[in-house]
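Visitor: Before I ask anything, here is the structure I am working with.
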Amino acid sequence: MNRRDFLKITGILAIGAVSHQTAMILSSSEVKADQNKKKRWAMAISFSACVKREGCRDCIDACHIIHNVPEFTDNKDKIRWIWSSPYESVFGEQANTFTKVMLKNLSVLCMCNHCENPPCVKVCPTKATWKNKDGIIMIDYHRCIGCRYCMAACPYGARSFNWKDPKPFIKEINRDFPARTKGVVEKCNFCEERISQGLLPACVEACPEKALTFGDLNDPGSDISRLLKTRFSIQRKPHLGTDPKVFYLF
Amino acid sequence: MKKIILGLILFLMIAFLPLGYNVYTGKTAYIPVIKIPEDKRECVENVFIMRKRHNIILEKWREASVRQGIKKYVSLNGTYKISLSGTCLGCHSDKTQFCDRCHDYAGIKPRCWDCHNIPD
Numbered sequence: 001m002n003r004r005d006f007l008k009i010t011g012i013l014a015i016g017a018v019s020h021q022t023a024m025i026l027s028s029s030e031v032k033a034d035q036n037k038k039k040r041w042a043m044a045i046s047f048s049a050c051v052k053r054e055g056c057r058d059c060i061d062a063c064h065i066i067h068n069v070p071e072f073t074d075n076k077d078k079i080r081w082i083w084s085s086p087y088e089s090v091f092g093e094q095a096n097t098f099t100k101v102m103l104k105n106l107s108v109l110c111m112c113n114h115c116e117n118p119p120c121v122k123v124c125p126t127k128a129t130w131k132n133k134d135g136i137i138m139i140d141y142h143r144c145i146g147c148r149y150c151m152a153a154c155p156y157g158a159r160s161f162n163w164k165d166p167k168p169f170i171k172e173i174n175r176d177f178p179a180r181t182k183g184v185v186e187k188c189n190f191c192e193e194r195i196s197q198g199l200l201p202a203c204v205e206a207c208p209e210k211a212l213t214f215g216d217l218n219d220p221g222s223d224i225s226r227l228l229k230t231r232f233s234i235q236r237k238p239h240l241g242t243d244p245k246v247f248y249l250f
Numbered sequence: 001m002k003k004i005i006l007g008l009i010l011f012l013m014i015a016f017l018p019l020g021y022n023v024y025t026g027k028t029a030y031i032p033v034i035k036i037p038e039d040k041r042e043c044v045e046n047v048f049i050m051r052k053r054h055n056i057i058l059e060k061w062r063e064a065s066v067r068q069g070i071k072k073y074v075s076l077n078g079t080y081k082i083s084l085s086g087t088c089l090g091c092h093s094d095k096t097q098f099c100d101r102c103h104d105y106a107g108i109k110p111r112c113w114d115c116h117n118i119p120d
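This is the structure in structure tokens:
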């Protein structure tokens with residue numbers, strides 16, 4: 001074999017090996033992308049349906065019972081996953097003199113917004129809170145060290161800290177879901193444990209007026225996608241760039 | 001010299017008192033006895049693996065279930081739901097007769113039950 005033939009053969013072999021590998025990589029990534037089609041879970045809350053029953057707390061009670069949320073009598077210790085607040089304090093920056101009068105008695109349902117750009121996740125020093133593949137902001141209570149940076153970072157006040165051992169303050173323990181311990185931060189998890197079983201979040205299921213709609217924004221045919229395309233909606237503090245995934249419908 | 005030897009003997013007596021006490025009461029031969037479910041077949045893994053590495057398996061379960069959203073565990077013995085209160089305590093129904101026996105003996109205090117529920 002002369003020098004020229006040797007170079008030819010090595011060249012052909014090299015091209016063959018590289019193309020085979022690239023083909024392998026390309027085909028495997030295609031398969032993977034198909035298998036893990038990402039969801040973007042979101043919630044829409046209709047003002048008009050929510051106000052129909054005055055003083056209704058069905059969604060709040062359902063959530064707090066299912067998730068073993070303690071009921072502290074002292075306001076300072078309060079733990080909340082879902083709660084209602086006056087319109088003015090929730091949408092303070094867009095309330096004006098007239099809406100203040102018009103929507104005086106409107107109480108707005110609040111929960112974790114499961115932001116697309118979550119500031120709480122950025123500040124967590126132990127990665128105890130993170131965004132999962134379906135866009136839900138999760139907390140690993142095993143890893144939370146209770147520094148409360150996330151509470152400072154959250155612009156919506158969606159997180160609560162366990163100043164005391166919560167167990168004695170849970171009325172009736174739901175044995176299918178763990179409780180928390182003193183010294184960790186907790187919040188709404190968009191009922192991740194229920195969604196993974198194909199169920200709707202507890203609050204959505206509990207609402208007698210069907211004011212809450214839950215679904216996948218990545219699916220153009222889902223109820224929530226269609227609702228948000230046809231009705232006027234607002235988000236909490238959109239100017240902060242967090243891109244909340246809880247929408248309020250008029 | 002005499003005082004030193006006397007002092008040494010006294011020191012050794014006090015130092016070995018706990019050991020002597022255990023020999024006297026027969027506690028040296030004590031091995032914790034755990035109650036194993038009779039009507040069930042093998043655990044999620046082979047018994048030797050479980051004895052030695054159950055803590056590591058539980059840690060892996062925790063990482064998989066909480067952080068990666070993997071809810072199933074596949075082993076040679078079958079497929080299991082990843083759940084401490086459900087799967088583990090589903091068979092080992094009495095925690096005080098199983099977990100606590102060895103953990104008390106070894107002076108280990110796992111904090112699982114601060115949050116996780118013990119089924120009725």
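Here the protein sequences come in this chain order: S and A.
Be aware that the first sequence starts at 1, since it is given in this note's numbering, and climbs by one per residue.
Be aware that the second sequence starts at 1, since it is given in this note's numbering, and climbs by one per residue.
Glycine included, each C-beta is placed from N, C-alpha and C at the ideal position.
(1) If you drop the 5 nearest sequence neighbours on each side, which residues of the same chain put their C-beta closer than 8 Å to that of A:Ile118?
(2) Based on DSSP bridge pairs, tell me the residues matched to A:Tyr177.
(3) For A:Asp94, which three-state DSSP category applies?
(4) Look up S:Thr181 in the DSSP assignment and say whether it is helix, strand or coil.
(5) To the nearest angstrom, how far is it from the Cα of S:Leu7 to the Cα of S:Val18?
(6) Return helix, strand or coil for S:Tyr248, following the three-state DSSP convention.
(7) Within the 8 Å Cβ cut-off, does A:Ser85 reach chain S?
(8) Using only CA atoms, which one of S:Pro166, S:Ala152, S:Thr181 lies nearest to S:Asp74?
(9) According to a CB-to-CB cut-off of less than 7 Å, which residues of the stretch 171 to 197 of chain S neighbour chain A?
(10) Do you know how far the Cα of A:Ala29 is from the Cα of A:Lys71?
(11) Taking only beta-carbon positions, decide if S:His142 is within less than 8 Å of chain A.
(12) Mind listing the chain S neighbours of A:Asn117? Cutoff is C-beta to C-beta under 9 Å, in chain order.
(13) Straight-line CA distance for S:Val69 to S:Trp81?
(14) To the nearest angstrom, report how far apart A:Asn77 and A:Asn46 are at their CA atoms.
(15) Decide if S:Lys32 is buried, meaning its Cβ has at least 16 other Cβ atoms within 10 Å, or exposed.
(16) Tell me the residue span of the beta strand (DSSP E) that contains S:Cys110.
Guide: According to the structure data:
(1) Cβ-Cβ distances below 8 Å link A:Ile118 to Ser85, Leu89, Lys95 in the same chain, with the five nearest sequence neighbours on each side left out; the list follows chain order.
(2) Because chain A in this structure spans residues 1 to 120, residue 177 of chain A falls outside the shown range and cannot be described.
(3) Look at A:Asp94 here: in three-state DSSP terms it is coil, with no helix or strand label.
(4) Assigned with DSSP and collapsed to three states, S:Thr181 falls in coil, not helix or strand.
(5) About 17 Å.
(6) Residue state, collapsed to three classes: strand.
(7) Contacts with chain S at 8 Å (Cβ-Cβ) include A:Ser85.
(8) Closest option to S:Asp74, Cα to Cα, is S:Pro166.
(9) The stretch 171 to 197 of chain S vs chain A, Cβ under 7 Å: Ile173, Arg175, Pro178, Ala179, Arg180, Thr181, Ser196.
(10) Looking at the two C-alpha atoms, the distance is approximately 41 Å.
(11) Look at S:His142: its C-beta is under 8 Å from a C-beta on chain A.
(12) Here the neighbours are Asn68, Ile173, Asn174, Arg175, Asp176, Phe177, Pro178, Ala179.
(13) One C-alpha to the other measures close to 8 Å.
(14) Rounded to whole angstroms, A:Asn77 to A:Asn46 spans 8 Å at the Cα level.
(15) Note that S:Lys32 has pLDDT 47, beneath the 50 cutoff, so the model's placement of it is unreliable and the number below is only indicative. Burial call: exposed.
(16) 107 to 111 is the extent of the beta strand (DSSP E) around S:Cys110.
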